[in-house]
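Heads up, the thing below is written out as structure tokens.
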Amino acid sequence: MRPEPSVSSSAFRAPESSDLEPMQLGRMRLLKGLLFILWRSWSYCSHLSVKSQCTPVNRRILAGGTSISPSEGSHTLIPASVLLNGSVIKCSVLIDSDAEGNFVDVEWAHHYGLPIHSLSSPLTVHSLNGQQLMAVTQITGPVSLITSGNHREEIEFYLFNSPSVSIVLGHPWLSLHNPHINWAENLILSWSSRCHAACLVSAPSSVVCSVLQEEEVDLSLIPGMYHDLRAVFSQSRAASLPPHRPYDCAIDLLPGTSPPRGRLFSLSAPERVAMEKYLSDSLAAGLIRPSSSPAGAGFFFVKKKDGSLRPCIDYHGLNDITVKNRYPLPLMSTAFEVLWGAKFFTKLDLRNAYHLVRIREGDEWKTAFNTPTGHFEYLVLLFGLSNAPAVFQTLVNDVLRDMINDFVFVYLDDI
Numbered sequence: 001m002r003p004e005p006s007v008s009s010s011a012f013r014a015p016e017s018s019d020l021e022p023m024q025l026g027r028m029r030l031l032k033g034l035l036f037i038l039w040r041s042w043s044y045c046s047h048l049s050v051k052s053q054c055t056p057v058n059r060r061i062l063a064g065g066t067s068i069s070p071s072e073g074s075h076t077l078i079p080a081s082v083l084l085n086g087s088v089i090k091c092s093v094l095i096d097s098d099a100e101g102n103f104v105d106v107e108w109a110h111h112y113g114l115p116i117h118s119l120s121s122p123l124t125v126h127s128l129n130g131q132q133l134m135a136v137t138q139i140t141g142p143v144s145l146i147t148s149g150n151h152r153e154e155i156e157f158y159l160f161n162s163p164s165v166s167i168v169l170g171h172p173w174l175s176l177h178n179p180h181i182n183w184a185e186n187l188i189l190s191w192s193s194r195c196h197a198a199c200l201v202s203a204p205s206s207v208v209c210s211v212l213q214e215e216e217v218d219l220s221l222i223p224g225m226y227h228d229l230r231a232v233f234s235q236s237r238a239a240s241l242p243p244h245r246p247y248d249c250a251i252d253l254l255p256g257t258s259p260p261r262g263r264l265f266s267l268s269a270p271e272r273v274a275m276e277k278y279l280s281d282s283l284a285a286g287l288i289r290p291s292s293s294p295a296g297a298g299f300f301f302v303k304k305k306d307g308s309l310r311p312c313i314d315y316h317g318l319n320d321i322t323v324k325n326r327y328p329l330p331l332m333s334t335a336f337e338v339l340w341g342a343k344f345f346t347k348l349d350l351r352n353a354y355h356l357v358r359i360r361e362g363d364e365w366k367t368a369f370n371t372p373t374g375h376f377e378y379l380v381l382l383f384g385l386s387n388a389p390a391v392f393q394t395l396v397n398d399v400l401r402d403m404i405n406d407f408v409f410v411y412l413d414d415i
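Put into structure tokens, the structure is as follows:
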């Protein structure tokens, strides 16, 4: 519990306006059909009981013991997705430990067609002195919410006027899932054991869903006959989690072995910045998820020729005990035989090629890796796994089999 300073009842004031947002309301209580809001007016002095010795300070609205300023950077916002009628709605959610309920903005809910029902007993919002501020009369039906890449749940929201943020997850949500949050970086680092059993399931494929927020692409220089191929070159689709297929990468271990726990590498300041961005982007895309695996390979960076940093995972220990996939890779010398006599050539380099293949369900824990800020595991194929080349070559060979040795040569992601 946080200690509360002793303040006389005259120090509390009702808000001047009822156009409020959940993060501005301080502690909200759902008790006996009422939402009580505690507005605090603080004074700073050496002896709080002596009013004449107090120096008034501008009133601030507190949440979780920390003042909330109008600056968006002070809010704990995380990326999320709402699944509705086969579509994925991208949004940001505010995590507010002092909101005793989960809320969605009224206009946002109506705009995207969330199922809405009237409450049998409306909740009235009161200030501490009993003044009624507003009423909550509606609640959504259960909707699927995905946070931190692969954490999926069915959840209901109270409807509330909150134009600057779409969704607010309050204290009940935090108590239910008990996530470990990096508040400075707005990252969820790990989840409770309950979540690993019930919520951290395979995320749906965004490839088969119609994404409401389509990326804008300039097609003015592209001939009209090729416009229908726009989706093939979509960057968002290439960076999203693919579905499970027969080509999933299996990680079978030699009998009597288990993945070793690797070392934790020290990272420089620029590397830590690059690591946080990589983790944030990968979590948002659903390519990795927080892990409680007993395995844990080391995470580090190597510099590319252009000076940028490439993330690497040290899977030497895992590869040593993995049953090898012996699918053959093509000989480079045969490429010249296939292409002999051709006059025109086209080379295709697949975008995020290995991320088109999932790790076999149940084997994800074996890919776990350690970072200075948390423990994660992969849901997709990645460089460094010993069977990655063979698995990917199997996929592309089967997709292009009718053209191979005719006018196409394929070596991994180079076509």
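Residue numbers (UniProt numbering): 1 to 415. Where is the CB? At the ideal position from N, CA and C, for every residue including glycine.
- In this structure, the CA atom of T322 is about 14 angstroms from the CA atom of V391.
- Taking all protein chains shown into account, V93 has 16 or more neighbouring C-beta atoms within 10 Å of its C-beta and is therefore buried.
- K347 is classed as exposed because its beta carbon has fewer than 16 other beta carbons within 10 Å across all chains shown.
- Note that the C-beta distance between Q138 and L169 is not below 9 angstroms.
- Shortest Cα-Cα distance from P389 to any of A250, L219, D105 and D98 involves A250.
- Taking 9 angstroms as the cut-off, the Cβ atoms of L176 and L83 do not count as close.
- Comparing alpha-carbon positions, the option among T140, I404 and F369 lying closest to P259 turns out to be F369.
- In the DSSP assignment, no residue is bridged to Y112.
- According to DSSP, K343 shares a beta bridge with no other residue.
- Of the candidates L385, F265, Y378 and D413, Y378 places its Cα closest to the Cα of S292.
- The beta-carbon distance between L267 and P372, rounded to whole angstroms, is 6 angstroms. This is short enough to meet the 8 angstroms contact definition.
- A274 and Y354 have their C-alpha atoms roughly 21 angstroms apart.
- The residue from T124, W191, H110 and L123 with its alpha-carbon nearest to that of P163 is H110.
- DSSP places K90 in the uninterrupted beta strand (DSSP E) bounded by S87 to I95.
- The Cβ atoms of A335 and Y411 sit closer than 9 angstroms to each other.
- Note that the C-beta distance between L159 and I188 is not below 9 angstroms.
- Residue ranges of uninterrupted beta strand (DSSP E) with 3 or more members, entirely inside the UniProt domain "Reverse transcriptase" (283-415) and ordered along the chain, are 288-290, 297-303, 309-314, 369-371 and 374-378.
- With respect to D105, I167 sits close: the two C-beta atoms are nearer than 9 angstroms.
- For the 9 angstroms CB-CB criterion, N397 and K324 do not form a contact.
- As summarised for the segment 150-206, the continuous alpha helix (DSSP H) elements at least 4 residues long and confined to that stretch are 171-177 and 193-198, given in chain order.
- Where V143 is concerned, the enclosing beta strand (DSSP E) starts and stops at V143 to T147.
- In this structure, DSSP gives R245 a state outside helix and strand, which the three-state scheme calls coil.
- Annotation: A184 to T76 spans about 8 angstroms, alpha carbon to alpha carbon.
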